[in-house]
Amino acid sequence: MSPPPQHDHASLSHPPHLPESSSSEEESRLLLSSPLSPTGKTQETNAGDDAAFEPSDKILVVDFELESSDFTSVPPFSFKKLWLFTGPGFLMSIAFLDPGNLEGDLQAGAIAGYSLLWLLMWATAMGLLIQLLSVRIGVATGRHLAELCREEYPYWAVVLLWFMAELALIGADIQEVIGSAIAIQILSRGVLPLWAGVLITASDSFLFLLLENYGVRKLEAVFGVLISTMALSFAWMFVDARPSTKELIVGLLIPKLSSRTVRQAVGVVGCVIMPHNVFLHSALVQSREVDPNKKGQVQEALNYYTIESTAALLVSFMINLFVTTVFAKGFYGSKQADSIGLVNAGQYLEEKHGGGLFPILYIWGIGLLAAGQSSTITGTYAGQFIMGGFLNLRLTKSLRALITRSCAILPTIIVALVFNKSESSLDVLNEWLNVLQSIQIPFALIPLLTLVSKEQVMGVFKIGLTLGRIAWTVAALVIFINGYLLLNFFLLEVDGLLVGFFVCAGTVAYVRWQASQSAKPIALQGLFLS
1232 MSPPPQHDHA SLSHPPHLPE SSSSEEESRL LLSSPLSPTG KTQETNAGDD AAFEPSDKIL
1292 VVDFELESSD FTSVPPFSFK KLWLFTGPGF LMSIAFLDPG NLEGDLQAGA IAGYSLLWLL
1352 MWATAMGLLI QLLSVRIGVA TGRHLAELCR EEYPYWAVVL LWFMAELALI GADIQEVIGS
1412 AIAIQILSRG VLPLWAGVLI TASDSFLFLL LENYGVRKLE AVFGVLISTM ALSFAWMFVD
1472 ARPSTKELIV GLLIPKLSSR TVRQAVGVVG CVIMPHNVFL HSALVQSREV DPNKKGQVQE
1532 ALNYYTIEST AALLVSFMIN LFVTTVFAKG FYGSKQADSI GLVNAGQYLE EKHGGGLFPI
1592 LYIWGIGLLA AGQSSTITGT YAGQFIMGGF LNLRLTKSLR ALITRSCAIL PTIIVALVFN
1652 KSESSLDVLN EWLNVLQSIQ IPFALIPLLT LVSKEQVMGV FKIGLTLGRI AWTVAALVIF
1712 INGYLLLNFF LLEVDGLLVG FFVCAGTVAY VRWQASQSAK PIALQGLFLS
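In our numbering, the protein residues as written are 1232 to 1761.
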């Protein structure tokens, strides 16, 4: 095999020529190459300093070389290439299946029945749009979102964005680890307390991340097993519960919303966008060897990643659908509907469906454990990219994993000890963590949409006016919905008229400021393109 080319800093419109490559290269062979440079910009980069993946870790896509002399054409579709690009989207989809989402699903089903299935479908579609923009910025620039924020924003803004991203990650990790701990408590029949489950989950995350040393594909295979476990567990529950097919179809096709189900509707939409997931996906796509200076390669990679991400979120949508319909069939209109949550869901399922050859309680526990464990690992993975990208830390992957894991696990252990008094205390904790996530969402969405619209960053792959308006509309809708969640939460939880007034005023000001930040890029884009 001839040595790979040294990439210069030419823009996409003047890509370098590609040297001949050996026809004997294997599909999953790792290729050493020089560090990639962002599209259309000159960057000073030291190999291995803060790259999402070391050059030797990247997967070579066989027959990626293009026939045209200017490397701008895209070859025909190939299932073999699609398989080689399969992996990052499924890791990304874990955030749509974490314990917090599952709790939102079961509460939506128990309180709203089948009526919010249409919203679940469209919320997943909105999440797909945001994740595809994250893919676009990662592939087209050869750098992930945290790195680009460090390069494009002033120092104070970088520190603020990093702090908010870390805060969001810790909040998500607490939910995920406690979800796993609850599953371990269920499967052990209460022998292992919550804090013990937290420690087991934390240690398991390190063991799984060790697989990364054996190649990205091994780690992706583990996630494939965990997603399959979730799919089989919740599909088993779906078949066992036998929900109404007619009501399911009506719930998917006919929008319906009542004042009683507004809070659950807000939760369904709010759980779709996870701030750390936006950063994570832009880094994961760099595990494949794609030269951002070759327009054809970038476009072909975007095509395959679009198919793969769509398939991954279709699977996650089906799993969420299974959970929602199982609890809609079993608990909608019942006296348990308003009190059901992750902690007692297994117990209620067992009372409703009984034991059997393989009790539904254990099926639920296995699915919840797979959801919690997989989302915890991706959270640790995202923490490495966020810390390395924003702070430009030159640390080994294992040390970065230890630091990011410790930042999340210590607060989680404290939370497990403090809130392990009753089911209601864990529900209160979950509500506060949802509020924390809601506050962080704009600090991920606004930088993403701003950077993906800039020609200086994206070159010819910047999003157009129409797509930009759609994306900003979706972002504004998500920010508004989460602002409503904040306002509603503080109105219910804050005691005292004066304190409540200031908190509500601050919440409204926060939402208006974020909306104004969202509106500026749309106006500027329309001005320059008109």
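Here a beta-carbon is modelled for each residue, glycine too, at the ideal position from N, C-alpha and C.
Because the structure is a prediction, the values reported are computed rather than measured.
key: CA nearest to the CA of residue 1412, picked from 1398, 1403 and 1429   = Nearest option by C-alpha distance: 1429.
request  = Measuring alpha carbon to alpha carbon, tell me which of 1709, 1673, 1705 and 1599 ends up nearest residue 1464.
outcome  = Taking only the C-alpha atoms, the option nearest residue 1464 is 1599.
Closest by C-alpha distance to residue 1339, when choosing among 1718, 1552 and 1510 = Comparing alpha carbon positions, the residue from 1718, 1552 and 1510 closest to residue 1339 is 1552.
request  = Report buried or exposed for residue 1444, applying the criterion of at least 16 other Cβ atoms within 10 angstroms of its Cβ.
outcome  = So residue 1444 counts as exposed.
query = Taking the alpha-carbon positions, what's the residue 1520 to residue 1369 distance?
reply = Going from the Cα of residue 1520 to the Cα of residue 1369 covers about 12 Å.
task = Look up residue 1519 in the DSSP assignment and say whether it is helix, strand or coil.
result = Looking at residue 1519 - three-state DSSP - the assignment turns out to be strand.
ask   = Would you call the CB atoms of residue 1373 and residue 1517 closer than 8 Å?
value = In this structure, residue 1517 lies closer than 8 Å to residue 1373 by Cβ.
key: Under 8 Å between C-beta atoms of residue 1476 and residue 1597   = No. Outside cutoff.
Given 8 Å, three or more beta-carbon pairs between the stretch 1504-1518 and the stretch 1675-1695 = Yes, the stretch 1504-1518 touches the stretch 1675-1695.
query = Taking DSSP as the reference, what is the three-state secondary structure of residue 1687?
reply = Helix.
key: residue 1266, DSSP secondary structure in three states   = With a pLDDT of only 35 at residue 1266, under the threshold of 50, the placement of this residue in the model should not be trusted; the figure read from the coordinates follows. Coil.
request  = Report, in whole angstroms, the separation of the C-beta atoms of residue 1591 and residue 1581, which I expect to be a contact under 8 Å.
outcome  = Indeed they touch by this definition, with Cβ atoms about 6 Å apart.
query = By how many angstroms is the C-alpha of residue 1360 removed from the C-alpha of residue 1648?
reply = About 39 Å.
ask   = Count the other CB atoms within 10 Å of the CB of residue 1269; is the residue buried (16 or more) or exposed (fewer)?
value = Model confidence at residue 1269 stands at a pLDDT of 40, short of 50, so the residue's coordinates are unreliable; what they give is reported in the following sentence. With 16 or more other CB atoms across the displayed protein chains lying within 10 angstroms of its CB, residue 1269 is buried.
inquiry  = Would residue 1330 and residue 1603 qualify as a contact pair, given that the criterion is a beta-carbon distance under 8 Å?
reply    = Between residue 1330 and residue 1603, the C-beta spacing is below 8 Å.
request  = Classify residue 1379 as buried or exposed, calling it buried when 16 or more other Cβ atoms lie within 10 Å of its own Cβ.
outcome  = Residue 1379 comes out buried.
For residue 1386, the three-state DSSP class (helix, strand or coil) = Helix.
task = Out of 1498, 1389, 1342 and 1335, point me to the one whose CA is closest to residue 1623's CA.
result = Sorting 1498, 1389, 1342 and 1335 by C-alpha distance to the C-alpha of residue 1623 places 1389 at the top.
ask   = Over what stretch of residues does the alpha helix (DSSP H) that includes residue 1368 continue unbroken?
value = Taken as a continuous stretch (DSSP letters only), the alpha helix (DSSP H) holding residue 1368 covers 1348-1372.
Unbroken stretches of the beta strand (DSSP E), 3 residues or longer, contained in the stretch 1488-1549 = Counting only runs of 3 or more, we get nothing.
task = With distances taken Cα to Cα, identify the nearest neighbour of residue 1495 among 1555, 1365 and 1450.
result = With distances taken between Cα atoms, residue 1495 lies closest to 1555.
message = Is it buried or exposed, residue 1759, if we count other Cβ atoms within 10 angstroms and call 16 or more buried?
response = Any reading at residue 1759 must be qualified, since the residue scores a pLDDT of 37, below 50, and its modelled position is unreliable; the value itself is stated next. Exposed, since its Cβ has fewer than 16 Cβ neighbours within 10 Å.
key: DSSP state of residue 1299 mapped onto helix, strand, coil   = Residue confidence is low: residue 1299 scores 44 on pLDDT, short of 50, so the model does not pin down where it sits. No coordinate-derived value is stated.
task = Please classify residue 1345: does DSSP put it in a helix, a strand, or coil?
result = It is coil, neither helix nor strand.
query = Buried or exposed: where does residue 1757 fall if 16 or more other Cβ atoms within 10 Å of its Cβ makes it buried?
reply = At residue 1757 the pLDDT is 45, less than 50, meaning the model places this residue with poor confidence and gives no usable figure here.
request  = Thinking residue 1325 and residue 1606 are a contact (beta carbons under 8 Å), I'd like their distance in whole angstroms, please.
outcome  = Contact between residue 1325 and residue 1606 holds, since their C-beta atoms are separated by about 5 Å, short of 8 Å.
request  = Could you check if residue 1432 is buried or exposed, using at least 16 other CB atoms within 10 Å of its CB as the buried criterion?
outcome  = With 16 or more other CB atoms across the displayed protein chains lying within 10 angstroms of its CB, residue 1432 is buried.
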